[in-house]
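As structure tokens, the structure follows; a few thoughts come after it.
2 protein chains.
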Amino acid sequence: MQDIQLTPTSYIVLGLLDRAREATPYELNRLVDISVGNFWSLPRSQLYAEPARLARAGYLSEEQEQSGRRRKRYALTARGSDALRSWTEEPTYEYPELRDPSLLKVFFGADSQAMAEAQLSTLRPLLARFEEMRAKDTGEGPDGPRQTLQVGIDHVETSIRAWERIAGESSDIVETAIEQAPALL
Amino acid sequence: MQDIQLTPTSYIVLGLLDRAREATPYELNRLVDISVGNFWSLPRSQLYAEPARLARAGYLSEEQEQSGRRRKRYALTARGSDALRSWTEEPTYEYPELRDPSLLKVFFGADSQAMAEAQLSTLRPLLARFEEMRAKDTGEGPDGPRQTLQVGIDHVETSIRAWERIAGESSDIVETAIEQAPALL
DNA sequence: GATATACCGTCCGACACAGACGGTCCGTGT
DNA sequence: ACACGGACCGTCTGTGTCGGACGGTATATC
Numbered sequence: 000m001q002d003i004q005l006t007p008t009s010y011i012v013l014g015l016l017d018r019a020r021e022a023t024p025y026e027l028n029r030l031v032d033i034s035v036g037n038f039w040s041l042p043r044s045q046l047y048a049e050p051a052r053l054a055r056a057g058y059l060s061e062e063q064e065q066s067g068r069r070r071k072r073y074a075l076t077a078r079g080s081d082a083l084r085s086w087t088e089e090p091t092y093e094y095p096e097l098r099d100p101s102l103l104k105v106f107f108g109a110d111s112q113a114m115a116e117a118q119l120s121t122l123r124p125l126l127a128r129f130e131e132m133r134a135k136d137t138g139e140g141p142d143g144p145r146q147t148l149q150v151g152i153d154h155v156e157t158s159i160r161a162w163e164r165i166a167g168e169s170s171d172i173v174e175t176a177i178e179q180a181p182a183l184l
Numbered sequence: 000m001q002d003i004q005l006t007p008t009s010y011i012v013l014g015l016l017d018r019a020r021e022a023t024p025y026e027l028n029r030l031v032d033i034s035v036g037n038f039w040s041l042p043r044s045q046l047y048a049e050p051a052r053l054a055r056a057g058y059l060s061e062e063q064e065q066s067g068r069r070r071k072r073y074a075l076t077a078r079g080s081d082a083l084r085s086w087t088e089e090p091t092y093e094y095p096e097l098r099d100p101s102l103l104k105v106f107f108g109a110d111s112q113a114m115a116e117a118q119l120s121t122l123r124p125l126l127a128r129f130e131e132m133r134a135k136d137t138g139e140g141p142d143g144p145r146q147t148l149q150v151g152i153d154h155v156e157t158s159i160r161a162w163e164r165i166a167g168e169s170s171d172i173v174e175t176a177i178e179q180a181p182a183l184l
């Protein structure tokens with residue numbers, strides 16, 4: 000039982016197991032895909048490594064199946080649910096970070112018109128997917144996921160408006176050029 | 000000259016050096032702080048490691064001072080500026096990711112009222128800082144940083160509105176309870 | 001019972017992160 | 001001139017994260 004540092008990844012695993020009571024890494028993967036993965040992604044391999052790490056440190060119990068696949072089922076220990084609770088109880092003053100590769104490119108000189116087009120073509124379907132999720136919600140269960148989803152929708156809408164504005168700025172220039180073109184003839 | 004994988008970190012270094020012509024890691028750190036670091040942070044140590052890595056792979060030239068501090072000055076090579084250009088030229092369809100620790104906590108059951116308070120107390124000053132940056136802008140230079148800053152402002156405003164709404168939801172419940180209280184007496 | 005396909009688990013090399021540690025420079029006081 | 005404090009600057013290390021290759025296991029179909 001060595002002591003480890005609890006990272007956001009750790010709390011995702013702890014939080015998911017708190018809801019699911021117990022799960023295999025594979026099930027955790029599926030849970031992430033349909034929930035928190037929409038705004039905080041992690042690679043599949045992490046969801047095999049992290050529970051093992053947490054189990055070694057006493058935050059999870061680990062039980063291995065004897066069948067062919069020999070998969071491991073994890074569940075919260077008292078220590079694990081204490082850690083989760085004290086994490087959620089403590090408000091955080093950390094900044095959100097918008098890691099957006101397309102913004103990085105624009106910052107360093109990408110053609111913002113082309114980028115806007117590309118991003119809008121991925122963001123609009125994303126918004127549709129989120130809205131569908133919201134529509135399917137039954138209103139039962141904890142508020143957290145619902146509130147989070149709504150904030151996610153807000154931000155996608157903001158991104159869409161931003162790219163539309165940027166696309167508009169560029170095409171204004173084009174239109175201006177076209178309007179002025181006759182004078183040049 | 001080994002070949003390496005170019006990551007977002009790499010392009011930040013390349014992009015910064017494209018603007019600055021040449022810089023030491025320390026200067027890169029300062030540049031990040033006042034520019035791209037506002038939406039894509041990297042630790043100080045990365046900005047020492049990454050240029051060295053890029054130099055080894057031929058993307059940067061490296062020249063070590065002979066004085067006491069023996070610091071290294073880096074500049075783009077032809078290979079480096081080619082790499083940067085072909086990166087910016089290619090629009091990306093990747094999703095932006097909003098890595099927000101506070102949202103993660105809310106998702107897993109944090110008290111959203113308390114979280115809203117905490118986040119608003121950090122986001123409002125952040126917004127003020129961004130708006131100040133925008134006000135100071137002279138309108139000269141490339142569009143990228145300006146557009147990026149505006150998008151950043153949009154998102155901070157969205158976050159603020161979201162937390163205000165969430166705080167409002169909670170207090171609605173409280174108010175409802177208070178309104179109904181007389182009937183209970 | 002052979003084959004296709006989806007399901008599931010592990011491993012590895014490269015990259016990112018935080019922060020401790022220590023050296024260098026410069027301003028100020030004596 | 002010299003000492004000293006604080007700002008400036010660079011490196012190193014252990015741990016965490018990443019993406020993806022690889023390979024094994026169950027299930028459906030014929």
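If you read the sequences in order, they're chains A and S. Using numbering that gives the first Met the number 0, you'd call the opening residue of the first sequence number 0 and step up by one each time. Using numbering that gives the first Met the number 0, you'd call the opening residue of the second sequence number 0 and step up by one each time. Glycine residues also receive a C-beta, built at the ideal position from the N, C-alpha and C atoms.
Along the stretch 38-57 of chain S, where does the CB come closer than 8 Å to a CB of chain A? Name the residues. PHE38, TRP39 and SER40
According to the neighbour-count rule (16 or more other Cβ atoms, all chains shown, within 10 Å of its Cβ), is TYR10/A buried or exposed? Counted from its first residue, the first sequence places residue 10/A at position 11. The residue in question, TYR10/A, is buried, as its Cβ has 16 or more Cβ neighbours within 10 Å.
Mind checking who ARG98/A pairs with in its DSSP beta bridge? Numbered from its first residue, the first sequence carries residue 98/A at position 99. ARG98/A pairs with GLU96/S.
Spatial neighbours of GLY36/S within its chain, please: C-beta separation below 7 Å, excluding the five flanking residues on both sides. Against the second sequence, residue 36/S aligns to sequence position 37. Cβ within range, chain order: n/a, list empty.
With a CB to CB cut of under 6 Å and the five nearest residues on each side skipped, what residues in its chain are close to GLY79/S? On the second sequence, residue 79/S is found 80 positions in, with the first residue counted as 1. If we look at GLY79/S and ignore the five residues flanking it on each side, its Cβ neighbours are LEU13, TYR58 and LEU59.
I need the straight-line Cα distance from PHE38/A to ILE33/S, nearest angstrom please. As a working note, residue 38/A is residue 39 in the first sequence. As a working note, residue 33/S is residue 34 in the second sequence. Cα to Cα, PHE38/A sits roughly 26 Å from ILE33/S.
Applying a beta-carbon distance threshold of less than 7 Å, which residues of chain A neighbour GLN146/S? Counted from its first residue, the second sequence places residue 146/S at position 147. Correct list: VAL105, SER111 and ILE165.
Which same chain residues end up closer than 8 Å to MET132/S when comparing Cβ atoms and leaving out the 5 residues on each side of it in sequence? Here residue 132/S corresponds to residue number 133 of the second sequence, with the count starting at 1. Hits under 8 Å: LEU148.
Closest Cβ-Cβ distance between ALA161/A and chain S: below 7 Å? Your numbering for residue 161/A matches position 162 in the first sequence. Interface residue, yes.
At a CB-CB cut-off below 8 Å, which residues of chain A make contact with PRO141/S? What you label residue 141/S is simply residue 142 of the second sequence in a count that begins at 1. Neighbours of PRO141/S on chain A, chain order: GLY108.
Quick check on the DSSP output: the alpha helix (DSSP H) that includes ALA109/A runs from which residue to which? The residue given as residue 109/A occupies position 110 in the first sequence. No alpha helix (DSSP H) contains ALA109/A, which DSSP labels as neither H nor E.
Quick check on the burial criterion: 16 or more other C-beta atoms within 10 angstroms. Buried or exposed for LYS135/A? Position 136 of the first sequence holds residue 135/A. With fewer than 16 Cβ atoms within 10 Å of its Cβ, LYS135/A is classed as exposed.
Counting C-beta neighbours from all protein chains within 10 Å, is the total for ILE3/A 16 or more, i.e. buried, or is it exposed? Translated into the one-based positions of the first sequence, residue 3/A becomes position 4. Counting Cβ neighbours within 10 Å, ILE3/A comes out exposed, since fewer than 16 surround it.
GLN45/A to GLN146/A, Cα distance in whole Å? As a working mapping, residue 45/A is identified with position 46 in the first sequence. As a working mapping, residue 146/A is identified with position 147 in the first sequence. Going by the C-alpha atoms only, they are around 26 Å apart.
Can you tell me whether ALA54/S is helix, strand or coil according to DSSP? Translated into the one-based positions of the second sequence, residue 54/S becomes position 55. Here ALA54/S sits in helix by DSSP.
Within 8 Å, do at least three Cβ pairs link the stretch 70-88 of chain A to the stretch 102-110 of chain S? yes
Closer than 6 Å by C-beta to LEU119/A: which residues in its own chain qualify, once you throw out the five before and the five after it? Chain order, please. Locating residue 119/A in the first sequence gives position 120, counting from the first residue. So the list reads TRP162, once near-sequence residues are dropped.
Considering Cα atoms alone, identify which of ILE159/A, SER111/A, GLN63/A and ALA113/A is closest to ARG123/A. Locating residue 123/A in the first sequence gives position 124, where the first residue counts as 1. Considering only alpha carbons, the answer is ILE159/A.
Those residues which DSSP pairs with LYS71/S across a bridge: The residue labelled residue 71/S in the question sits at position 72 within the second sequence. Beta-bridge pairing links LYS71/S to GLN63/S.
For the candidate residues TYR94/S, ALA56/S and LEU30/S, whose alpha-carbon lies nearest to that of ALA77/S? Indexing the second sequence from 1 puts residue 77/S at position 78. Considering only alpha carbons, the answer is ALA56/S.
Simplified DSSP state of GLU139/S, which is helix, strand or coil: Taking the second sequence and counting its residues from 1, one reaches residue 139/S at position 140. Residue state, collapsed to three classes: coil.
Around the C-beta of ALA127/A, are 16 or more other C-beta atoms found within 10 angstroms, so that it is buried, or is it exposed? Start at 1 with the first residue of the first sequence, and residue 127/A comes out as number 128. Classification of ALA127/A: exposed, given that the 10 Å Cβ count is below 16.
Chain-ordered neighbours of PRO124/S on chain A, where CB pairs are closer than 8 Å: Numbered from 1 along the second sequence, position 125 holds the residue referred to as residue 124/S. Those do not exist, as PRO124/S stays about 11 Å from chain A at its closest Cβ, beyond 8 Å.
State the Cα-Cα distance for the pair ARG52/A and THR6/A, rounded to the nearest angstrom. By 1-based counting over the first sequence, the position of residue 52/A is 53. By 1-based counting over the first sequence, the position of residue 6/A is 7. For ARG52/A and THR6/A, the distance between alpha carbons rounds to 11 Å.
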